[in-house]
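Peer 1: Would you mind keeping the following structure in view while I ask a few things?
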Amino acid sequence: MAAITSSSFGHYSHAIVRGIPASLPAAALRIENQGEVNLENARREHAVYVETLKKLGLHVHELAADEQFPDCVFVEDAAVVVGGTALITRPGAPSRRKEVEVVKSVLEDLHLNVVEMQDESATLDGGDVLFTGKEIFVGMSKRTNQRGAEILADTFKDYAVSKIPVTDRLHLKTICGAAGPNVIVIGTGEAPQKVLKTMQQMSDYRYEKLTVPDDVAANCIYFNIPGKGNVLIHCAQEEFPESAKVFQKLKDYTLIPVPNSELAKVDGGLTCLSILINKSTEI
Amino acid sequence: MTTEGDTGVEVQKETEKSDEQPASPSHQQSPQSTSSSLENREERADSSGDQHQDTEAQSPPQGGGSPAGTPPSSKSSPSSDKKERNPSGGKGISRFLPSWRKKQRSQSQTSEEDAGKEEPAPVKEEETTADKDQNVKLEEEVVKSEEPKEEVDKQEKHSVSGSEAQPAREDGKEEKSDEKATDIKEDKVDSDEKIEPEEAKRETKEVQTVHTRMEKSPKKTPKKVKTVPCRVVLLDGTEYPCEIEKRSKGQVLFDKVCAHLNLLEKDYFGLTYRDSTDQKNWLDLIKDIKKQIRNYPWQFAFNVKFYPPDPSQLTEDITRYLLCLQLRQDIASGRLPCSFVTHALLGSYTLQAELGDYSADDQRLESISEFQFAPNQTKELEDKIMELHKTHRGLTPAMADSQFLENAKKLSMYGVDLHHAKDSEAVDIMLGVCANGLLIYKDRLRINRFAWPKILKISYKRSNFYIKIRPGETEHFESTIGFKLPSHRAAKRLWKVCVEHHTFFRLLSPEQPPKAKFLTLGSKFRYSGRTQAQTRQASTLIDRPAPYFERTSSKRISRSLDGPNTLPYAKKLDADLPEEFRPSEVTEWDGIKEMLRTLTIAPELSAADEDLIRDSTFDQPVSVNEVKPSASEPVLRDEKRSEELLSQPPELELHKETKNIADQAEETTTGSADNIVKISDENQKPEVKKKAEDLPLETVVNVETEGMPKLIPGGEKEVKQLAPQGEVCGRKDSTSSSDSSNESEGEEGGEYHTQTKLAENTIKEEEENEDMTQNEEPGKSPRTDTIQGTRAILVNSENVLNKELVFQNEVQEKMEDLMDKQVKKTEQHQKEEHPQVNGVMLHHETDDSIHIIQYTEPPVVKTEMVTISDASQKNEIATKEVPILHTETKTITYEAAETDGGGDNEPAMLLSAQTITSESISTTTTTHITKTVKGGISETRIEKRIVITGDADIDHDEALAQAIKEAKEQHPDMSVTRVVVHKETELTEEGED
């Protein structure tokens, strides 16, 4: 009912995920070569991820991979869902534009208020959109432009939508995350710190910040699960031991490390792999 | 109907009038249009008469300033004066008082009758008799005019009763039938006068205003109170008609409306009116209504001015209810955008509050589409609203309102006052003023945000609006960000809103207007109401049973919004809403060409350490001044002395502004209320010059010498006047009008320093500056940096203090030897803040020529436009535009005869030099201390330059006196040997917009 209360932040009832196409290791977009993706391992890790969501009680819609779209596993980029509204994006990478179609139909099936980005000049990747429960930050990266950000702002009128310049990184959420209604996780690198400063300046709210030594480890997923309280899906200890330790400092959290070593090679973070929806907020 | 009596503007006014007057009947709404033509004529005549009077009242050339002692010998048009002037006479005088002072006076004067009626105490009385309350309020205003109370009451009652059915002036008309004759006659006189050439008219006026006024003010003559019908559109869409005395301050009307609404927590609200460009303006409560609305019909809207960030902290349900009404309006109009879901939720609470529990067979629900919940209301939305309505069963209206507010307050645009602007690249953006600071939007996207603690100064000049930003953690320079507003008025409007919001939300108590502080140009406007902290405090004292009030159906609102005729005003209200951030068609961009030429900005990129020092004054208001023994008080304490001071106004007339030393006078004199002495100043250039030449400026000298009689051979002064070339501060000057009203559109600009001197006055929220607390690793937090910076500053100012003390001792040692020689010299430089390139810094030279008036060419000021509006471009400072700024400068130097001067060629050895800069509300003080040894005699010279920026309506004389006084206090053992007043004003070419 509470349409704009931050207390509902982290409440999710549904999730959309998509399989990993075999074309990913060879054809997926990447900023720089970080090694060959092992498809088998990637799929194994992905399965763990999906299983985790299910264990958390979410209804998971598993979309089949489409070989035409090597990057299709990263469904997050295809839509931004906040409250009962879903904005179908226009991904910055032309090769990914058509990924949104199947996602859109699922969202419509869920009876969300689906908004499409009609403007041909606009680009927006869901990975650039950080929702903190109180407001939205949109990263101005290579994938997201001013017009896309404006449409985002116009779609989610209840919230302040502030633009944050992002350089050197793929997406805003590559280097930061929301670990609770009042907690922002951020890397120690120069780029993340710059991003943090901008967010601080733009925000009407005050957040606690959790600084992790590995920039990409900041990407995490927060849930507020009835009966379980705060739940955080974050990086695995094997991949980022120091950062994992930082997460362990969080009090009253159920921490779930999930491996993501393979997809990380093509700039995929944990949030990239799903679209989270709370049907109960939809009145 | 009036400008601020700015004679400079007079010219325009006249033309304006010819243009607008014919149209005015149509402006006037129904009541007037139905009244007789005679009445219309009278109305018009009245207004012109009033206007004229105002002009007189305020173009107190030398005259207005003439103190009580001045003989009324040269009164020239007495007959009309006597009759009608009285009411205004009293007021006219009070008009010269700074607003804060006025308030005081009115309070004290009415204290016997309505003691305690002012604030929370009155609760009971207000509640019992609204009428009485109104009368009382009116009295507060009127007593000032020294009119018999009975008369007022009578009038007032008439208005009140008459207002119900027929807003027109029928009652008053009859009652005043006997007055009409005189009115008309007088008006004729006035209009005749108007036809005369400006010059002649002014001459007469000067004389007459000044003296008549003095003579009359003490008298109490029964007055005919001219009332004007007002219409106030309330938040429920209804209209509240009332009559109000024509010369009323905004407060009178506002109080009346609040009484009508039975509202006690009124500080969150205000009245708006539309100007010629159909822009919404806030009625300034401490100023005359008619000066603000001018020719526009007396139509207002009652609105929320400051949206409480947490409505649950409001004390009364009725206040919350009114806030709900405002928000429903905001939402329905699109000014407060929200999502479908939120529309539905808020709409459902509205239904619950207005209809109560959902009932399936409720007929009222059939008309749900008559409610307006959203700008684009769909059936789907209505269905959703009904669905949600069912879930609110059991909520009382007050609870439903509270829920409504709890959800509405979280909307990102809640309480954000949007203004159209352009950034440096002429991109349309929106500036949003809110409780926390200033927000910058591009379309709906927030592209930057400046929290109040980040903002050091807010200013506007012409149609440009500037904010000076506190340097960040890694930055060394303050940066100034400029925005182009569609017009000068828009810039000023934005500036005022910022000043008000900052004061209301960020300070504990309002700051006094920059009155006594030195010369100021630009708007003196400050928020004078209660701050949120104060109003919350006051609210805790509210002790009345929850007042009954009827919730009006918002159907009514929606209808009125739709209906073309019912409520044109309300409709208009929404029309200009910056809804959806769509840039409105800008009619005001005409000024842009000019704007481009004149973009200016005070170069703010000062050296880092200078900034430190400046900052120190914020943190340590004590600074250099207060450590000193104040020795010169006697000067002003001496009653006789000050009287004398006051009685020689002409000598003090350095500038054009109306001036009022009354403040000081009252501190020291017995302060009989009628004895307000004003020294006002001249706006007519020729006159000024004349005066400057003729009058030996002895008053100033007296001040100087008072403390140090031995050191200063009185009498010899140097008067240097660098005359202005261009026009100055404009048209006011050049056209010799006096603009004593703050409201003047002629104000070129205004400044407002957000860092109040009293650090304690700022609400201690967690420093917004660089927040986001750290969860771990304290690291190098910005916060720490700030603190370090402050420490450094403190050390710095201590050093300064020490040095000063040392040097004072030295000075005292030398005193004996030097008594005759007078080698000490203190210079006071007072000039305006604009950078001078080929400017006239003649006062720097030790030119001893006496009584020389110099004219210089208009300086060309090169300025840079620094514009950053986007966080992402924050570090790129564009400095492309180098507009030419036409300015007028005027320098007057008073100099005591000296034996040394810089004139002799004996070489001096510099022992030390030191520069201290401090900055306060509207002034920047640079103190330059040099110690030299020359011929075995050590000389300490303190040169203090005070730069004041601001409005035209500054009390220059007072500021000067204050400056001198302070200088003397700081350095009791030194003499003031030279005072240079350098005024620089920017030329205006802008019309009335």
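Residue numbers (the working numbering), protein chains in the order written: chain A, 700 to 982; chain B, 897 to 1889.
Where is the CB? At the ideal position from N, CA and C, for every residue including glycine.
Who are the Cβ neighbours of Ser721(A) in its own chain at under 7 Å, not counting the five residues just before and after it?
Peer 2: Reading off the sequence shown, one finds Ala at residue 721(A), where the question assumed Ser. Excluding sequence positions up to five before and after Ala721(A), its CB lies within less than 7 Å of the CB of Leu738, Glu766, all in the same chain and listed in chain order.
Peer 1: Hey, would you say Val813(A) sits closer than 8 Å to Thr854(A), going by beta carbons?
Peer 2: Their beta carbons are not under 8 Å apart, which means Val813(A) does not touch Thr854(A) by this criterion.
Peer 1: Give the DSSP bridge partners of Lys862(A), in chain order.
Peer 2: Val837(A)
Peer 1: Pick helix, strand or coil for Asp853(A), following the three-state DSSP scheme.
Peer 2: helix
Peer 1: Just the C-alpha distance for Tyr1362(B) and Glu1369(B), rounded to the nearest angstrom, thanks.
Peer 2: 21 Å
Peer 1: Does the structure place the region 1337–1346 of chain B close enough to the region 1390–1406 of chain B that three or more beta carbon pairs sit under 8 Å?
Peer 2: no
Peer 1: Can you give me the start and stop residues for the alpha helix (DSSP H) that Pro1204(B) sits inside?
Peer 2: Looking at the DSSP string, Pro1204(B) is not in any alpha helix (DSSP H), and its letter there is neither H nor E.
Peer 1: Can you tell me the Cα-Cα spacing of Gln1428(B) and Leu1381(B), whole angstroms?
Peer 2: 28 Å
Peer 1: Taking the DSSP output, what are the residues bridged to Leu954(A)?
Peer 2: Leu931(A)
Peer 1: Are the C-beta atoms of Leu962(A) and some chain B residue less than 8 Å apart?
Peer 2: no
Peer 1: By the three-class DSSP mapping on this structure, what secondary structure does Pro1125(B) have?
Peer 2: Residue state, collapsed to three classes: strand.
Peer 1: Return no unless some Cβ of chain B is closer than 8 Å to the Cβ of Phe939(A).
Peer 2: no
Peer 1: For His870(A), which residues of its own chain have a beta-carbon under 7 Å away from its beta-carbon, when the five flanking residues on both sides are left out?
Peer 2: Asp824, Gly826, Asp827, Gly838, Ser840, Arg842
Peer 1: Please say whether Arg1389(B) and Trp1348(B) have beta carbons closer to each other than 8 Å?
Peer 2: no
Peer 1: Going along the chain, which residues of the region 923–947 of chain A sit with their C-beta nearer than 8 Å to a C-beta in chain B?
Peer 2: Val945
Peer 1: What residue from Glu1278(B), Lys1186(B), Ser1435(B) has the CA that sits closest to Arg1143(B)'s CA?
Peer 2: Cα-wise, what sits closest to Arg1143(B) is Lys1186(B).
Peer 1: Per the DSSP calculation, Gln1195(B) is bridged to which residue(s)?
Peer 2: Arg1127(B)
Peer 1: Report the rounded CA-to-CA distance for Val945(A) versus Leu909(A), giving the unit in angstroms.
Peer 2: 8 Å
Peer 1: Alpha carbon to alpha carbon, how far is Ile1227(B) from Gln1858(B)?
Peer 2: 50 Å
Peer 1: Identify the continuous beta strand (DSSP E) that holds Ala1347(B) and give its terminal residues.
Peer 2: Taken as a continuous stretch (DSSP letters only), the beta strand (DSSP E) holding Ala1347(B) covers 1341–1347.
Peer 1: For the region 853–873 of chain A, enumerate the residues whose C-beta is nearer than 9 Å to any C-beta of chain B, in chain order.
Peer 2: Near chain B, meaning a CB-to-CB distance below 9 Å, the residues of the region 853–873 of chain A are Asp853, Thr854, Phe855, Lys856, Asp857, Tyr858, Ala859, Val860, Ser861, Lys862, Ile863, Pro864.
Peer 1: Taking the alpha carbon of Arg905(A) as the point to measure from, which residue in Pro880(A), Ala916(A), Ile920(A) has its own alpha carbon closest?
Peer 2: Pro880(A)
Peer 1: Decide if the region 1295–1315 of chain B is in contact with the region 1213–1227 of chain B; the criterion is three or more beta carbon pairs, one per stretch, under 8 Å apart.
Peer 2: Because the criterion of three Cβ pairs below 8 Å is met, the region 1295–1315 of chain B and the region 1213–1227 of chain B touch.
Peer 1: Would you kindly check if the distance between the Cβ of Pro1233(B) and the Cβ of Met1309(B) is under 8 Å?
Peer 2: yes
Peer 1: Below 8 Å on the Cβ atoms is my contact criterion, and I expect Ser1244(B) with Leu1307(B) to pass it. Report the Cβ-Cβ distance as a whole number of Å.
Peer 2: Separation of the CB atoms of Ser1244(B) and Leu1307(B) is rounded to 16 Å, and the pair is thereby denied contact status at 8 Å.
Peer 1: For chain A, check one thing: does any of its Cβ atoms lie closer than 8 Å to the Cβ of Asn1332(B)?
Peer 2: yes
Peer 1: I'd like to know whether the C-beta atoms of Gln1175(B) and Val1200(B) end up nearer to each other than 8 Å.
Peer 2: no
Peer 1: In the DSSP output, which residue or residues are listed as bridge partners for His1156(B)?
Peer 2: BP columns for His1156(B) are empty, so no partner.
Peer 1: Have a look at Glu731(A), Ser973(A), Asp913(A) and flag the residue whose alpha-carbon is nearest the alpha-carbon of Cys934(A).
Peer 2: Asp913(A)
Peer 1: Determine whether the Cβ of Asp913(A) lies closer than 8 Å to any Cβ atom of chain B.
Peer 2: no
Peer 1: What does a CB cutoff of less than 7 Å around Val801(A) pick up in its chain, not counting 5 residues either side in sequence?
Peer 2: Leu762.
Peer 1: Determine the burial state of Arg1289(B): buried for a count of at least 16 other Cβ atoms within 10 Å of its Cβ, exposed for fewer.
Peer 2: exposed
Peer 1: Since Asn918(A) and Lys872(A) are thought to touch, with beta carbons under 8 Å apart, how far apart are those beta carbons, to the nearest angstrom?
Peer 2: 6 Å
Peer 1: Can you pull the chain B neighbours of Met901(A), defined as C-beta to C-beta under 8 Å?
Peer 2: Arg1342, Asn1344, Arg1345, Ala1767
Peer 1: Quick one: which residues of the region 813–833 of chain A get their C-beta closer than 7 Å to a C-beta of chain B? List them in chain order.
Peer 2: Within the region 813–833 of chain A, no residue has its Cβ closer than 7 Å to any Cβ of chain B.
Peer 1: For Leu1130(B), which residues of its own chain have a beta-carbon under 6 Å away from its beta-carbon, when the five flanking residues on both sides are left out?
Peer 2: Tyr1136, Phe1198
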